[in-house]
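Asks:
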Amino acid sequence: MMTATVRFAPSPTGNIHIGNARTALINWLFAGKHGGRFILRFDDTDRERSKPEFAANILRDLAWLGIRPDRVERQSLRAAEHARAAEALQGRGLLYACYETTEELERRRRRQIGRGRPPIYDRAALRLGDDGRAALERQGRRPHWRFLLPNFESDPLAPRRTELRWRDLIRGEQVVDLASMSDPVLVREDGSFPYTLPSVADDIEFGVTHVIRGDDHVANTAVQIALFRALGAEPPQFGHHNLLTLASGEALSKRLGSLSIASLAARGYEPMAVASLAVLIGTSLAVEPCRDLAELGARFDLAAISKSPARFDVGELDALNARLVHALDWPAVADRFPPDAFDGRGAEFWPVVRENLAFAGEARDWWERLVDATPLIAAEDRDFLKQARELLPDGPVTTDTWPRWTAALARASGRKGRALFLPLRQALTGMAHGPEMARLLPLIGRERILARLS
Ligand code: GLU
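Numbered per this note's numbering, the sequence shown spans residues -18 to 435.
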């Protein structure tokens, strides 16, 4: 058996968003499950829009998610291989020169639609013959090159219904009629390659066994399978997952910065909150926070992906994030804070505060509030708080101090419940809500307790 090899093939024309992360993660988890390899292939043949800094950002964002590609490739460095693939097709008579301008093609399309026919390229260029082509070349026209789809018996000018089938790893049996589409342009007038040929040539060259990508590519797949065969290769298996949309139903786009992985990272989300949501949303599986990619991989299954789009809801991300943060241990977060953070008592403070946090970084705000608290004292509580000051148990302040202290105070003042606890909390923390007082007290310390009660 060949090693399972997958690829994630972003075009570095912007920062990747949570929808792209979904594709990357699904591939990564699939490779992990099958002991396979993950290739990051930058589809950067669009020279104008591709930028090296976007490629660098994609690597950084994947690393943030926990994805470390086994191999990184750039299509822009492989033009010679793509040209060789084009020559191989030419040699087999499967690539033909066309001279129509965009305007001519557009006119022809409109005419076809006007006559109620599907706007499929009619292969008029095949009728040109050597003389016709030479005449056009003399006028200064340069050809673009189309792939002759295998949808005819012996005469390409008489295409007929030709079903191409594949068993999609996610969508099940798929059928496309190759006579329902135009021969795709594989080489442009300037000799550059649109996405189709480089993608297939590279998938062959890198031994890609499984192409898993968004279902916006389903329409490309029939052509690509035909192209694999034309190049003498066994097509890989294909799987097309549903796409994420905004709550409004609008597609995610690279131009929409807010859901970029970089901005989610900058806002302090846990990578595993983003990864858990990106993978589990739009599946039949429960959207639960997983602690690491291994746990997510064990839970995930391609067959669980739904066929309809999945709506991204930032509220769901917030909830997952909070649940992950509440379960994080101090060693897992310690290196996110400077060594002198929390007066060096992070190991003590973190477990006390974590359940109050939506984001791990908020621990710093809580600490500041704790050490700089301005006591909140109502006039009618002054005597009670004076009494509290006198009854604070002697000796070091520990987690036992609070129950002993408030029991004594209840007996002495006759107060109980809210009337007993709230004035103390407000005087000691300046807030009406927060972490458990018994555990906060040792962190506030005797000196601050006494100062805030006077
Ligand atoms: N560059 C293409 C994209 O960004 C890759 C599609 C594919 O995976 O083949 O959608």
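Glycine is no exception: its CB is placed at the ideal position from the N, C-alpha and C atoms. These numbers were taken from a predicted model, which means no experiment stands behind them.
Per DSSP, Thr226 forms a beta bridge with which residues?
Replies: Thr226 is bridged to Ala232 and Arg292.
Asks: Please go through the same chain and pick out, in chain order, the residues whose beta-carbon is closer than 7 angstroms to the beta-carbon of Gly278, but skip the five residues on each side of it.
Replies: Taken in chain order, the residues that qualify are Leu10, Gly13 and Lys14.
Asks: Grouping DSSP H, G and I as helix and E and B as strand, with all else coil, what is Ala413?
Replies: Ala413: coil per DSSP, three-state reduction.
Asks: Here's a check: name, in chain order, each residue in its chain whose Cβ is nearer than 6 angstroms to the Cβ of Leu21, leaving out the five neighbours to either side.
Replies: Closer than 6 angstroms at the Cβ level, and outside the excluded window around Leu21, lie Phe(-11), Pro50 and Val53.
Asks: At a threshold of 7 angstroms, does Ala(-10) count as lining the ligand GLU (C-beta to nearest heavy atom)?
Replies: Indeed, a heavy atom of the ligand GLU lies less than 7 angstroms from the Cβ.
Asks: Relative to the alpha-carbon of Asp362, which residue among Pro404, Asp375 and Pro217 has its alpha-carbon at the smallest distance?
Replies: Among Pro404, Asp375 and Pro217, the Cα nearest to that of Asp362 is on Pro404.
Asks: If you measure from the CB of Ser180, is any heavy atom of the ligand GLU nearer than 7 angstroms?
Replies: Because some heavy atom of the ligand GLU lies under 7 angstroms away, the Cβ of Ser180 counts as near it: yes.
Asks: Closer than 6 angstroms by C-beta to Leu261: which residues in its own chain qualify, once you throw out the five before and the five after it? Chain order, please.
Replies: Result list for Leu261: Val268, in chain order.
Asks: For Met(-17), count the other beta carbons within 10 Å of its own beta carbon; 16 or more makes it buried, fewer makes it exposed. Which is it?
Replies: That one is exposed.
Asks: Is any heavy atom of the ligand SAH found at a distance shorter than 7 angstroms from the C-beta of His198?
Replies: Absence of the ligand SAH from the depicted structure is noted, with the ligand GLU being the only ligands included.
Asks: By a C-beta neighbour count over all protein chains shown, 10 Å radius and 16 as the cutoff for buried, is Val378 buried or exposed?
Replies: Val378 is buried by the Cβ-count criterion.
Asks: Threshold first: 3 residues or longer. Then list the beta strand (DSSP E) segments lying entirely within the segment 25 to 96, N to C.
Replies: The qualifying runs are 52 to 55 and 76 to 79.
Asks: Hey, would you say the C-beta of Tyr176 is under 7 angstroms away from at least one heavy atom of the ligand GLU?
Replies: Yes, the ligand GLU has a heavy atom inside 7 angstroms of this Cβ.
Asks: For the beta strand (DSSP E) that Phe23 lies in, which residues bound it at each end?
Replies: Phe23 -> beta strand (DSSP E) spans Arg18 to Phe23.
Asks: Output the distance between the C-alpha atoms of Thr190 and Ala247, rounded to the nearest integer angstrom.
Replies: Approximately 35 angstroms, taken between the alpha carbons.
Asks: Quick check: is any heavy atom of the ligand GLU less than 7 angstroms from the C-beta of Val166?
Replies: No, the ligand GLU has no heavy atom inside 7 angstroms of this Cβ.
Asks: Compute the Euclidean distance between the alpha carbons of Arg146 and Glu251, then round it to the nearest angstrom.
Replies: Approximately 41 angstroms between the Cα atoms of the pair.
Asks: Output the distance between the C-alpha atoms of Gly263 and Ile286, rounded to the nearest integer angstrom.
Replies: Rounded to the nearest angstrom, the two C-alpha atoms are 6 angstroms apart.
Asks: Which first and last residues belong to the beta strand (DSSP E) in which Val157 is found?
Replies: Taken as a continuous stretch (DSSP letters only), the beta strand (DSSP E) holding Val157 covers Gly153 to Asp158.
Asks: Between Leu76 and Ala67, is the Cβ-Cβ spacing less than 8 angstroms?
Replies: For Leu76 and Ala67, yes; Cβs fall inside 8 angstroms.
Asks: When DSSP builds the beta bridges, which residues end up paired with Thr382?
Replies: BP columns for Thr382 are empty, so no partner.
Asks: Determine the direct distance from the alpha carbon of Thr226 to that of Leu43, and round the result to whole angstroms.
Replies: Rounded to whole angstroms, Leu43 to Thr226 spans 21 angstroms at the Cα level.
Asks: Give a single yes or no on whether Arg28 has its beta carbon closer than 7 angstroms to a heavy atom of the ligand GLU.
Replies: Answer for Arg28: no, Cβ out of range of the ligand GLU.
Asks: For the candidate residues Phe340, Tyr176 and Glu81, whose alpha-carbon lies nearest to that of Gln120?
Replies: Closest by alpha carbon: Glu81.
Asks: Grab the span of the beta strand (DSSP E) containing Arg194 for me, first residue to last.
Replies: Segment His191 to Gly195, the beta strand (DSSP E) holding Arg194.
Asks: Which word fits Leu208, buried or exposed, when buried means at least 16 other C-beta atoms lie within 10 angstroms of its C-beta?
Replies: Buried, because 16 or more other Cβ atoms sit within 10 Å of the Cβ of Leu208.
Asks: So Thr143 and Leu159 are in contact, right, with Cβ under 8 angstroms, and what is the actual spacing, rounded?
Replies: The Cβ separation is near 4 angstroms, so the contact holds.
Asks: List the whole-angstrom C-beta distance separating His221 from Gly238, where the pair is believed to meet the contact cut-off of C-beta under 8 angstroms.
Replies: 26 angstroms between Cβ atoms; not a contact.
Asks: DSSP three-state call for Met171: helix, strand or coil?
Replies: The identity of residue 171 in the sequence shown is Asp, whereas the question assumes Met. Asp171 falls in the coil class under three-state DSSP.
Asks: Measure the alpha-carbon distance for Asn8 versus Phe323 and round it to whole angstroms.
Replies: Roughly 40 angstroms separates the two Cα atoms.
Asks: Counting beta carbon pairs with one atom in the segment 296 to 313 and one in the segment 161 to 174, are three or more of them shorter than 8 angstroms?
Replies: Contact between the segment 161 to 174 and the segment 296 to 313 is absent, because fewer than three Cβ pairs lie under 8 angstroms.
Asks: In the DSSP assignment, find the unbroken beta strand (DSSP E) run with Leu145 in it and report its ends.
Replies: Here the beta strand (DSSP E) through Leu145 covers Glu144 to Asp149.
Asks: Kindly indicate the opening and closing residues of the beta strand (DSSP E) around Val(-13).
Replies: Looking at the DSSP string, the run of the beta strand (DSSP E) that includes Val(-13) is Thr(-14) to Phe(-11).
Asks: In chain order, what residues of the same chain lie with their CB nearer than 6 angstroms to the CB of Leu390, ignoring the 5 residues before and after it?
Replies: Ala369 and Leu372.
Asks: So what does DSSP say about Phe365, is it helix, strand or coil?
Replies: If DSSP states are grouped into helix, strand and coil, Phe365 belongs with the helices.
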